[in-house]
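Visitor: Offset between the sequence shown (1-based) and my numbering: plus 1496. Just passing along the structure, written as structure tokens.
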Amino acid sequence: MKKRIFTVLFISVFAAMLGLGIIAPLMPIYARNLGATGIWLGIIFSGYSLTRAIFMPIIGKLSDKKGRKGFITLGLLMYSVISLVYIFAANVYYLTSVRLIHGLASAMVIPVAMAYVGEIAEEGREGRYMGMFNMSFLLGMGSGPILGGVLNESFGIASVFYAMGGLTAIAFLITLMFLPEKRFSGTIKTDKPIPLKEIIKNRVMKGLLLYRVISAVARGGIMAFLPIFASGINITSSQVGIIISFHIFLVALLQGPFGRLADRYNKIFMVLTGSIVAALALLLTPAARNFWQLLFISCLMGLGGAIGMPSAAAITVEVGKRLGMGVSMGLFNTAMSAGMIAAPLIGGAVMDTLGVKSVFFVAG
């Protein structure tokens, strides 16, 4: 039963993230064609993360009480419908509204699915379960831009949205038919839920949220400003794409091994080690002078992320078993969204003041 549940959730999240990744590199072009200015581009992208950040803890907490399956299936259904609505966006206001709803749909899928996996994870094997599950959204996120580019060049941008809708529709049907219901089964009583502010005050949870925000700010800044730095050392846009995709795939493929290590060794030590390795990579980035050096640094950064991610997720599972799995995963992912919202703002201010190289020093 656990294997079937894990497989269904893996496929569902992979499809959702693949669909999201398909449109990610094309969204700026699509928005520009609708008349979006630079400010509106920022609003369109931030709107998705903003609604995710707002609703993930709320939906996570509700899923502890009402069950997981309903939220996941509803979120995937919304994903599928929204994919088609993108095609009919007539202006930036319409597109922004669609992005806000898309963020809400994502809030129903990713953290609730993670909470479900956390629930079925056997004691002492949390790192292995979460590491393997992390692969689903990393592989989807890494494969999406490649598939989206091919579809756009071959059949036009509308085909990209149809593909996203089709993928999430399949995931919806698989989840609806094969995923059993699951409610929180930890050590707290769901009829007397712990207030959200008390959960946030938990010492371990505060540490997790701080780690998640800082790492998201660092990585979000890199994704936003790496192309600018790379262009200054004569690296082409296609080479930048290779660097970013290779980074994501490396993190994905190492989730399993480091997830197993997280179950054997001190998880906090693993998180700290991963953070140090990633920080070293960030500090080395301005020293890169060619494609191969930047690719190596990107791999080093990926290694740091791979070391820390399964351990951080496993610690969240341990906390969730006491405080509520859904709300814990919701907060964990909200912290990431908050960091991703802040990253381009902080990085942009640093670049305007001190130059693009300083973005990497500050992030490190």
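For each residue, glycine too, the CB sits at the ideal point set by N, CA and C. Predicted, not measured: the structure shown is a model, and the values here were computed from it.
Is Met-1821 near Glu-1615, with beta carbons less than 8 Å apart?
Guide: By one-based count along the sequence shown, residue 1821 stands at place 325. By one-based count along the sequence shown, residue 1615 stands at place 119. Yes, Cβ-Cβ distance for Met-1821 and Glu-1615 is below 8 Å.
Visitor: Suppose the cutoff is 7 Å on Cβ atoms and the five residues either side in sequence are ignored; what does the same chain contact list for Ile-1578 look like?
Guide: Here the question's residue 1578 lines up with position 82 in the sequence shown. These residues qualify, in order along the chain: Val-1594, Ile-1597, His-1598 and Ala-1601.
Visitor: Am I right that Leu-1692 and Lys-1557 are in contact with their C-beta atoms under 8 Å? What's the rounded C-beta distance?
Guide: As a position in the sequence shown, residue 1692 is number 196, starting the count at 1. As a position in the sequence shown, residue 1557 is number 61, starting the count at 1. The pair is a contact, with the Cβ atoms about 7 Å apart (cut-off 8 Å).
Visitor: Suppose the cutoff is 6 Å on Cβ atoms and the five residues either side in sequence are ignored; what does the same chain contact list for Thr-1769 look like?
Guide: The sequence position of residue 1769 within the sequence shown is 273, counting from 1. Excluding residues within five positions, the ones whose Cβ falls inside 6 Å are Ile-1803.
Visitor: Going by C-alpha to C-alpha distance, which of Asn-1786, Leu-1757, Ala-1784 and Leu-1827 sits closest to Met-1626?
Guide: As a position in the sequence shown, residue 1626 is number 130, starting the count at 1. Out of Asn-1786, Leu-1757, Ala-1784 and Leu-1827, Leu-1757 has the C-alpha closest to the C-alpha of Met-1626.
Visitor: Could you tell me the alpha carbon to alpha carbon distance between Thr-1686 and Glu-1814, rounded to whole angstroms?
Guide: The residue given as residue 1686 occupies position 190 in the sequence shown. The residue given as residue 1814 occupies position 318 in the sequence shown. Any reading at Thr-1686 needs caution, since the residue's pLDDT is 48, under 50, leaving its predicted position unreliable; the model's value is listed next. Annotation: Thr-1686 to Glu-1814 spans about 17 Å, alpha carbon to alpha carbon.
Visitor: Report the three-state DSSP secondary structure of Gly-1716 (helix, strand or coil).
Guide: The residue given as residue 1716 occupies position 220 in the sequence shown. Helix, per DSSP.
Visitor: Can you tell me whether Glu-1619 is helix, strand or coil according to DSSP?
Guide: Sequence index remark: in the sequence shown, residue 1619 carries index 123 (1-based). Coil.
Visitor: Use the C-beta contact count for Ile-1525: other C-beta atoms within 10 angstroms, 16 or more gives buried, fewer gives exposed.
Guide: Here residue 1525 refers to the residue found at position 29 of the sequence shown. Exposed, by the Cβ-count rule.
Visitor: Cutting at 7 Å between CB atoms, please list the residues of its own chain near Met-1660, excluding the five before and the five after it.
Guide: In the sequence shown, the residue the question calls residue 1660 occupies position 164. These residues qualify, in order along the chain: Gly-1515, Ile-1518, Ile-1519 and Ser-1579.
Visitor: Would you check if the distance between the CB atom of Ile-1842 and the CB atom of Ala-1549 is smaller than 8 Å?
Guide: Against the sequence shown, residue 1842 aligns to sequence position 346. Against the sequence shown, residue 1549 aligns to sequence position 53. Against a cut-off of 8 Å, the Cβ pair of Ala-1549 and Ile-1842 comes out as no contact.
Visitor: Over the uninterrupted alpha helix (DSSP H) stretch that includes Phe-1551, give me the two end residues.
Guide: What you label residue 1551 is simply residue 55 of the sequence shown in a count that begins at 1. That run of the alpha helix (DSSP H) goes 1534-1562.
Visitor: Specify the secondary structure class of Gly-1752 as computed by DSSP and reduced to three states.
Guide: In the sequence shown, residue 1752 corresponds to position 256, counting from 1. Gly-1752: helix per DSSP, three-state reduction.
Visitor: Just to confirm before moving on: does the CB-CB distance between Gln-1454 and Pro-1806 stay below 8 Å?
Guide: Absent from the model: residue 1454. The displayed extent of the chain is 1497 to 1860, so no value can be given.
Visitor: For Ala-1527, tell me which candidate among Phe-1584, Phe-1506, Leu-1572 and Phe-1567 has the shortest Cα-Cα distance.
Guide: Taking the first residue of the sequence shown as 1, we reach residue 1527 at position 31. Ala-1527 has its Cα closest to that of Phe-1584, out of Phe-1584, Phe-1506, Leu-1572 and Phe-1567.
Visitor: Rounded to whole angstroms, what's the CA-CA distance from Lys-1817 to Phe-1567? Just pull it up for me.
Guide: The residue you call residue 1817 lines up with position 321 of the sequence shown. The residue you call residue 1567 lines up with position 71 of the sequence shown. Rounded to whole angstroms, Lys-1817 to Phe-1567 spans 20 Å at the Cα level.
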